[in-house]
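K.L.:
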Amino acid sequence: MKNIASKLPSEQYEKNFSDLHPPFTQNSAVAEANRCLYCYDSPCMKACPTHIDISTFIKKISTGNLLGSAKTIYESNWVPLTCAKACPVDVLCEGACVYNAKGEKAIEIGRLQRYAIENYFDKGMPALFHKAPKNGKSVGIVGSGPAGLACSAELALLGYEVTIYEANKIPGGLNTWGIAPYKMRREDSLKEVELVKSFGVDLKTEVMIGKTVKVDDLLKKHDAIFLGVGLGESPQLSISGEELSGVVGALDFIEKVKTENWENVHVGKKVAVIGAGNTSIDAATEAKRLGAEQVFIIYRRSDVEMSAYEFEYELAKKDGIVFHFLTSPKRIIGNSFVEGIECLKMKLGEPDIHGRRKPVPILRSEFTIPVDMIIKAIGQETKSSFLSSIPKLTLDDEGCVIVDRTTFQTANPKIFAGGDCINGGKEVVNAAYDGKHAAHGIDKFLSKK
Ligand SMILES: Cc1cc2nc3c(=O)[nH]c(=O)nc-3n(C[C@H](O)[C@H](O)[C@H](O)COP(=O)(O)OP(=O)(O)OC[C@H]3O[C@@H](n4cnc5c(N)ncnc54)[C@H](O)[C@@H]3O)c2cc1C
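Heads up: take any position in the sequence shown, counting from 1, add 156, and you land on our numbering.
(1) Roughly how many angstroms separate the alpha carbons of Ile534 and Ala464, rounded to a whole number?
(2) Gly296 bridges to which residues according to DSSP?
(3) Is it true that the stretch 518 to 526 meets the stretch 371 to 385, where meeting means three or more beta-carbon pairs spaced less than 8 Å apart?
(4) Measuring alpha carbon to alpha carbon, tell me which residue in Asp379, Asp344, Tyr230, Gly251 is nearest Leu313.
(5) In whole angstroms, what separates the C-alpha of Thr219 from that of Phe213?
(6) Around the Cβ of Asn98, are there at least 16 other Cβ atoms within 10 angstroms (buried) or fewer (exposed)?
(7) Using a Cβ-Cβ cutoff of less than 7 Å, which residues in the same chain neighbour Pro391 once the five nearest sequence positions on both sides are dropped?
(8) Within this structure, are the beta carbons of Asn275 and Leu351 separated by less than 8 Å?
(9) Using only the alpha-carbon positions, how far apart do Asn324 and His378 sit?
(10) Out of curiosity, what's the CA-to-CA distance linking Ala567 and Ile558?
(11) Measure the C-alpha to C-alpha separation of Pro507 and Glu554 and round it to an integer number of angstroms.
(12) Should Tyr316 and Lys293 be called a contact, given that it needs their Cβ atoms to be closer than 8 Å?
(13) Can you tell me whether Asn256 is helix, strand or coil according to DSSP?
(14) Would the beta-carbon of Phe542 fall within 8 Å of that of Gly366?
(15) Closest by CA to His207, which one among Gln182, Lys353, Trp234?
(16) Are Cys239 and Ala203 close, meaning C-beta to C-beta below 8 Å?
(17) Ligand 1 and Ser345: does any heavy atom of the ligand fall closer than 7 Å to the residue's C-beta?
(18) Where does the unbroken alpha helix (DSSP H) through Ala595 begin, and where does it stop?
(19) When DSSP labels each residue in this structure, what does Lys353 get in the three-state scheme?
(20) Would you kindly report the start and end of the unbroken alpha helix (DSSP H) that includes Lys444?
(21) Please go through the same chain and pick out, in chain order, the residues whose beta-carbon is closer than 7 Å to the beta-carbon of Leu400, but skip the five residues on each side of it.
(22) If I follow the unbroken beta strand (DSSP E) through Phe572, where does it start and stop?
(23) Assign Tyr271 to one of two classes, buried (16 or more other C-beta atoms within 10 Å of its C-beta) or exposed (fewer than that).
(24) Excluding the 5 residues preceding and the 5 following Ile571 in the sequence, name in chain order all residues of the same chain whose CB lies nearer than 6 Å to its CB.
(25) For the putative contact between Val527 and Lys426, defined by C-beta atoms under 8 Å, what is the C-beta separation to the nearest angstrom?
(26) Mind listing, in chain order, the continuous beta strand (DSSP E) runs of no fewer than 3 residues lying wholly within the stretch 497 to 562?
(27) Beta-carbon within less than 8 Å of His480's beta-carbon, same chain only, minus the 5 sequence neighbours each way: which residues are those?
(28) Cβ of Met364 within 7 Å of any heavy atom in ligand 1?
(29) I think Leu446 touches Val429, with their Cβ atoms under 8 Å apart; what is that distance to the nearest whole Å?
(30) Give every residue of the same chain whose Cβ lies closer than 7 Å to the Cβ of Glu442, excluding the five residues on either side of it in the sequence, and list them in chain order.
(31) Cβ of Ile410 versus every heavy atom of ligand 1: is any distance shorter than 7 Å?
(32) Could you tell me how far apart the beta carbons of Cys307 and Gly574 are, in whole angstroms, since I believe they sit closer than 8 Å?
(33) Label Ala448 either buried or exposed according to how many other C-beta atoms from any shown protein chain fall within 10 Å of its C-beta, with 16 as the threshold for buried.
(34) Helix or strand or just coil, what does DSSP make of Thr212?
(35) Write down every uninterrupted run of the alpha helix (DSSP H) in the stretch 166 to 204 whose length is 4 residues or greater and which is fully enclosed by it, in chain order.
(36) With a threshold of 7 Å, establish whether the CB of Asn568 neighbours any heavy atom of ligand 1.
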């Protein structure tokens, strides 16, 4: 790369990537827990996709019963540390808190959950649940992201022999490799992996199903299979200059940032991020925190249509990210290295089939933004070529696996699926729900309940 952002002093990186929401002290946790009204209809619990009994775990914090609090949380969700730190709580549990309607600050549910779960790990993960006796059946789990982990934990406690096959060297899926370090570090994700392993789950890393092990062999080996393979790479922009040095995919860039050797991560001085979803915001704020002088987000629609959450947008603006709305990249300019991006101004036309107004180019509105790095963040492709190689599996038009939404069973009765590979990319908490409920679908299928 030609222009590299100047290196920051190492303590500056630590500062830039420090916790967005620092932990509670004991006193502040108890004080916050005591504010909870223990509502009779718990709107927060309904708003949580995993339906954690939030008012009960908070009540237990207020009485000093921290292990009981952790147990209440784990009864619904096997990756609660990740969820506590990375869930979009403003639009889920905290967004539903009755204090909002009173014009007062919502209970800080995410930070309280973090307090209970960090205490649980600090205490060395004491056993909270009884394991059912072994039932002689085995299940193969493909992928160790939150969907695979949740399914594995639940099945292991139900008495199944569980093996996770993970293509990556380091497990945890996007919890380990994707979520911004100022929300959570890799170590947090790895603690959740260790907890699942402590239930007797066998984790085999660097095993790519479909390559290292054939799907047919996996189907012969296990009584049932759960697919929690997530999504794939960012798609191509399909414009000229995309092959130039300095054009990178958002996931590759973010994965490097998650290694935490921040001084060694390449970042330009002037960076353009293409797209305006949550991943684009992460890539942009991470580039800025690595020392980029100017970071632009280029998006072909307006702020109204962008898929990034409001709080992510606010964070980006606070970090000084400049937004170019109604702007579409036309070509990347450079000679071996990126030197700029030529863009077209857009206006909004008629709504498309999803009801979103279509961007329409404005003729002769070209302009160039000088940049030395471009990060492509226009979503993730599905793993449709791997998935369509699996016998009898059916995929929807977007390439997501079609499942029964109660049992998570696919069209192949022996195969179940959950997480991003069935929903096209949602949140960790949705993957955690799917994995847990798929385990019950598998149990129903194998025990002929
Ligand atoms: C950059 C980024 C930031 C995000 N930030 C947040 C956030 O702040 N909060 C939030 O709630 N959500 C966030 N998400 C979304 C969240 O990470 C995902 O919804 C969630 O991780 C999906 O879980 P999963 O288990 O379905 O898949 P993944 O987490 O993607 O895990 C899939 C696993 O399967 C493995 N695998 C794939 N194919 C094979 C194979 N053939 N054989 C073996 N193993 C295989 C992969 O290596 C991977 O480990 C973010 C997503 C991205 C991309």
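Yeah, the Cβ is synthetic: ideal placement off N, Cα and C, and Gly gets one too.
P.N.:
The answer reads as follows:
(1) Approximately 12 Å between the Cα atoms of the pair.
(2) For Gly296, DSSP records a beta bridge to Thr319, Ile381.
(3) Segments in contact, no.
(4) In terms of CA proximity to Leu313, Tyr230 leads the group Asp379, Asp344, Tyr230, Gly251.
(5) So the two alpha carbons sit approximately 10 Å from each other.
(6) Any property of residue 98 remains undetermined from this structure, which presents the chain solely from 157 to 605.
(7) Taken in chain order, the residues that qualify are Ile534, Gly535, Glu537.
(8) Against a cut-off of 8 Å, the Cβ pair of Leu351 and Asn275 comes out as no contact.
(9) Just so you know, the alpha carbons of Asn324 and His378 end up roughly 21 Å apart.
(10) Rounded to the nearest angstrom, the two C-alpha atoms are 7 Å apart.
(11) Using only the alpha carbons, I get a separation of about 20 Å.
(12) A Cβ-Cβ contact shorter than 8 Å links Tyr316 with Lys293.
(13) The answer is helix: DSSP assigns Asn256 an H, G or I state.
(14) Closer than 8 Å, so yes.
(15) Closest by alpha carbon: Trp234.
(16) Going by C-beta atoms, Cys239 is not nearer than 8 Å to Ala203.
(17) For Ser345, the shortest C-beta to heavy atom distance toward ligand 1 is 7 Å or greater.
(18) Run containing Ala595: 584 to 602, per the alpha helix (DSSP H) assignment.
(19) Helix at Lys353.
(20) Residues 434 to 445.
(21) Spatial neighbours of Leu400 in its own chain (CB-CB distance under 7 Å, excluding positions within 5 residues in sequence) are listed in chain order as Ile488, Gly490, Ser492, Phe493, Val494.
(22) Unbroken beta strand (DSSP E) run through Phe572: 571 to 573.
(23) With 16 or more other Cβ atoms within 10 Å, it is buried.
(24) Here Ile571 has Ile381 as same chain residues with Cβ atoms under 6 Å from its own Cβ, once five neighbours each way along the sequence are excluded.
(25) Yes, they are in contact, since the Cβ atoms of Val527 and Lys426 sit about 4 Å apart, within 8 Å.
(26) Within the stretch 497 to 562, the complete beta strand (DSSP E) runs of at least 3 residues are 513 to 517, 523 to 526, 529 to 532.
(27) Scanning its chain for C-beta atoms nearer than 8 Å, with the 5 sequence neighbours on each side dropped, one finds around His480 the residues Phe452, Ile453, Ile454, Tyr455, Cys499, Ile525, in chain order.
(28) Because some heavy atom of ligand 1 lies under 7 Å away, the Cβ of Met364 counts as near it: yes.
(29) Contact between Leu446 and Val429 does not hold, since their C-beta atoms are separated by about 13 Å, which reaches or exceeds 8 Å.
(30) Exclusion of the five residues before and after Glu442 leaves Ala336, Ile410, Val413 as the residues of its chain whose Cβ lies within less than 7 Å of its Cβ.
(31) Yes, the Cβ of Ile410 comes within 7 Å of a heavy atom of ligand 1.
(32) Gly574 and Cys307 do touch by the CB rule: their CB atoms are close to 7 Å apart, below 8 Å.
(33) Buried, because 16 or more other Cβ atoms sit within 10 Å of the Cβ of Ala448.
(34) Thr212 falls in the helix class under three-state DSSP.
(35) Whole alpha helix (DSSP H) segments, 4+ residues: 166 to 172, 182 to 191, 199 to 203.
(36) The answer is no for Asn568.
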